[in-house]
Structure formats: structure tokens, C-alpha cells
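Presented below is the structure to which this report refers.
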Amino acid sequence: MNKSGLKNILLGISFLLNITTWAQVWTAGDNVTLQVSEFALIETNHAPVTLTLATSTAGAPVGSVSNSDLFVKISSIVPGGTDRELTAKVSSGTIPAGTSLSLVSANCTTTNSGGTLGTAITTPILLSAIDQFLVRYIATCYTGTGYNDGYKMTFTWAPLNPAANYSQIAAATYNITVVFTLTAHDGN
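For what it's worth, the working numbering labels the leading residue of the sequence shown as 2, then goes sequentially.
What follows is the structure, encoded as C-alpha cells:
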């Protein structure tokens with residue numbers, strides 16, 4: 002083999018060794034832990050709810066009156082396969098004799114919300130000192146933060162069996178507090 006052929010072979014081998022050296026990659030790795038904590042947050046839009054029993058017809062009983070200005074907002078993250086409920090009860094004050102105060106929730110507004118928002122119970126509850134379900138099967142979700150985002154609550158105040166109890170209704174101002182609770186997830 003002549004000298005120039007040997008030079009070409011050595012030059013080719015040198016070139017291939019350089020390519021192999023350039024192609025080597027060194028790596029390092031480490032574990033990364035990602036954690037999502039379970040939580041539940043609840044708030045209302047603080048809309049005033051004022052209900053006044055009245056009638057404008059002589060000889061007629063007072064009728065029922067409703068207010069749908071209050072919205073309940075929540076943020077919830079639950080472990081997989083679990084859910085929460087939204088409940089309500091009277092925590093202070095008394096519903097006046099001869100009357101009833103009912104409450105029903107609409108399903109959550111959908112404009113600014115996401116996740117598993119649950120299902121509102123369509124039958125109104127008669128408010129008392131005992132927690133009662135308004136919305137069931139709430140999982141990981143958020144309802145939005147706008148004034149009219151969330152679960153729209155409709156309060157209805159009415160005479161309770163007017164034929165039998167009308168004489169119990171007394172003119173006065175009554176203040177009660179209704180507490181909404183987002184329950185612990187059912188995995189607890």
C-alpha cells in the first residue's frame with residue numbers, strides 16, 4: 002500500500018473517531034415529586050336576602066315570597082372516586098311560627114366553572130337546625146368567582162298551612178343565619 006493510501010485510511014479512521022466522540026451524551030436524573038393536596042373552599046356572593054310576607058288584597062292571606070340573589074361558590078379537590086355534598090341549615094334564630102322557609106339550589110352555572118360540579122336536588126328543603134342536602138356528588142371542581150357564578154339558591158318564605166296556623170303569624174322582624182357546608186369527601 003502506498004503512503005498516500007495509508008494517509009487516507011488513517012484520516013478516515015480519525016474522522017470517524019471524532020464523530021463518535023461528538024455523538025456521546027452525558028445525562029443525569031433525579032426524582033421529582035408532584036403532589037396535589039385535597040381541599041374544600043366555600044363562599045357566597047354575600048347577596049342580601051330579605052323576604053317580606055304581605056298582601057295587597059283585602060281579605061286575602063299573605064302569599065309566599067322568594068329570593069334568588071344568593072350564589073354559593075366552591076373549589077374542591079378530592080381523592081379519586083370520592084365526592085362531597087353541599088348542605089344547609091339554620092344555625093341561629095328561629096323561623097317564625099305559622100311559616101316555613103324553604104331552600105332549593107339550581108345546578109351550578111357553567112360559564113366560569115369546571116370539573117365534576119355535582120347534581121342539585123330539585124325538591125326544596127324546609128330549613129331547620131339539621132343539615133340537609135342541596136347538592137350531591139361534588140368531586141374535583143371549581144364554580145367560578147363572579148358575582149353570579151356558582152349554585153343559585155332560591156329561598157321561599159310562606160305561610161304554613163294558613164287554614165290551621167294563620168293566627169300564629171306575628172308582625173315582627175326576624176333574623177336567622179343559614180349556614181352552608183361543603184362536607185368532607187366520602188372517603189373519610
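Don't be surprised by glycine CBs; every beta carbon is placed ideally from N, CA and C. Here the structure is a predicted model, which is why all the values come from computation and not from measurement.
### Task
May I ask which residues mark the beginning and end of the alpha helix (DSSP H) holding P160?
Per DSSP, P160 belongs to no alpha helix (DSSP H); it is in the beta strand (DSSP E), Y152 to P160.
### Task
State the Cα-Cα distance for the pair T53 and F156, rounded to the nearest angstrom.
12 Å
### Query
What residue from D187, R137, T117 and S114 has the CA that sits closest to T124's CA?
R137
### Message
Applying the 10 Å Cβ sphere with the 16-neighbour rule, what's the burial state of T58?
### Response
exposed
#### Entry: G145 versus T88: straight-line alpha-carbon distance, rounded
19 Å
### Task
Just tell me which of T100, D84 and Q36 has its CA closest to the CA of S65.
T100
#### Entry: Pairwise C-alpha distance: D31 and K74
40 Å
### Message
Here's the rule: buried if 16 or more other CB atoms are within 10 angstroms of the residue's CB, otherwise exposed. What is L35?
### Response
exposed
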